[in-house]
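In the numbering used here, the protein residues as written are 69 to 609.
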């Protein structure tokens, strides 16, 4: 006999909470081999485990460096209770024992039993939503069935409304099912991430506090195998279930089991039974339960779509902050992939920094400085997006942008240097406007380097963002420090990739921090004649 214990973790990240169903044994840590990976730099590789013991989940720390906190207290071992809050590094995790939503869930089990191939009464769930055109209805019975479908759907929709909490939704549906049908007990089971049926809602008409509910594996298997609604008018004498110990033990006299299906995909199962009446259910009752199960699938799909829309809106906002709108839409459409794990690749990194910003900020109030930075950043980011680069971050008065991650083009170094030149040109018009208003002009220096980087999501679970790291980034930052106002300084690696497109002048070899040997660097003078029109055209690849 299989006991069903339902619990999950709600892991809070910068992309919103994600839910993970708990298995009998779960390992948590930073390393990908854990059953639940926690992307947090100060979480240990193997941080802790959560395992089921009888009817409880026990958390056990594995000697992690920074410890495991439960409700603010560091623990070595802890029996988790509903809504306990864990802290692993900077990551907040909430334990939710879904069986506590309704304690009867802890008393639901699936019993053993064999089944024959014979089907006593069946209604195909693949046809249950069909409504015949009016001209095809030839008898009043068909009309009554269609009316019953509409009535059931209407009553459920009116009672449930726009409920978006799945557990509340399922319990409410069972409550309404008891209004439609003469059932003593009802259970809704859903498939979890391991493709196992788990109880998510249970209701009994007697509401006995300690009533054990043993579901027949025979009836469940029959309904799942046929993808059909199964009716047994007297399960105790039904030849198909004669070997089912769970039916006999429970004294089930009548039973209905209906798969919850959406476009052929099995989502779960609804089971209603009666312990007091032989023949308690008829074919009409089975049809009504099939209609209700169809509505459950409909509601679940709507909830899934609503969550997808919300997630997509969050992702769209996130991607549009770091890349051009057309690239962001391609990522969201699945045409481009932003990998969540780190990977090595070649990229061109650009740093642009305002010269004399410290003295400028000392002579202006904070509001003026913020307004100036916002206006400048808006124009600079437009240039980055025009050439399909990725905005990495703002650091005070400095901008870091990337070409080649997460989206690659064959001419990323050319795009990056072109963007650097256009940023300098953009400031000419911007400064004319500022000077006309009596404000000081803005001068920037730009440093660019091309080479290997590691790209991926970096940070803690609260501040994770897409970025690149590596020596190439450090060199670009050092070159930005060397650049005088109005200059675009590129590394030798960038020069070799763009030499045919730009006029440059070699600068004296330069020592930079972190490098033993001096670097060959170049000042970009401008676009080279015949390439000008083509290079400045956005979207070139």
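For glycine and all other residues, C-beta sits at the position ideal for the given N, C-alpha and C.
This one's a predicted model, so the numbers in the text were calculated from it and none came from an experiment.
query	result
As assigned by DSSP and simplified to three states, the class of residue 244	helix
Residue 602 burial status per 10 Å Cβ neighbour count (16 or more: buried)	Caution applies to residue 602, whose pLDDT of 41 falls short of 50 and renders its modelled position unreliable; the value that the coordinates give is listed next. Burial call: exposed.
Nearest-angstrom Cβ-Cβ length linking residue 492 and residue 554, presumed shorter than 8 Å	6 Å
Beta-carbon proximity of residue 112 to residue 95, cut-off 8 Å	no
Cβ separation of residue 89 and residue 235, assumed to be a contact under 8 Å, to the nearest whole Å	So it is not a contact: roughly 13 Å between Cβ atoms.
Exposed unless 16 or more other CB atoms sit within 10 angstroms - verdict on residue 33	Examination of residue 33 is not possible in this model, given that the chain is present from 69 through 609 alone.
Pairwise C-alpha distance: residue 218 and residue 205	16 Å
Contact under 8 Å by Cβ, residue 472 with residue 547	no
Alpha-carbon to alpha-carbon, residue 436 and residue 559	35 Å
Where the alpha helix (DSSP H) containing residue 437 begins and where it ends	434 to 454
Under the three-state DSSP convention, the category residue 293 falls into	helix
N-terminal and C-terminal residue of the alpha helix (DSSP H) that residue 484 is part of	480 to 504
Where residue 98 falls: helix, strand or coil (DSSP)	coil
Assigned exposure category for residue 593 - 16 Cβ within 10 Å defines buried	exposed
Residue 177 versus residue 534: straight-line alpha-carbon distance, rounded	45 Å
Straight-line gap, residue 349 to residue 225 (C-alpha atoms, nearest Å)	24 Å
Euclidean distance between Cα positions of residue 336 and residue 267	9 Å
Residue(s) in a DSSP beta bridge with residue 578	587
Buried versus exposed call for residue 569 [16 or more other C-beta atoms within 10 Å across all chains shown]	buried
Among 93, 329, 323, 282, the one whose alpha carbon lies nearest that of residue 294	329
Among 483, 510, 508, nearest to residue 516 - alpha-carbon criterion	483
Residues near residue 114 by beta carbon distance below 6 Å, same chain, minus five either side	97, 130
Counted within 10 angstroms of its Cβ, other Cβ atoms place residue 252 as buried (16 or more) or exposed	buried
C-beta contact flag for residue 324 and residue 292 at 8 Å	no
Interface flag, residue 251 vs chain C, CB-CB below 8 Å	In summary, chain C is missing from the structure at hand, where a single protein chain is found.
Near the ligand MN: residue 419 beta-carbon under 7 Å from a heavy atom	Questions concerning the ligand MN fall outside what the structure shown contains, since it holds no ligand whatsoever.
Residue span of the beta strand (DSSP E) that contains residue 541, given as start and end	First-last for residue 541: 539 to 550, but that is the alpha helix (DSSP H), not the beta strand (DSSP E).
Selected residue, minimal CA-CA separation from residue 441, among 290, 455, 420, 457	420
Close-in-space but distant-in-sequence residues of the same chain around residue 445 (CB under 6 Å, 5 per side omitted)	none
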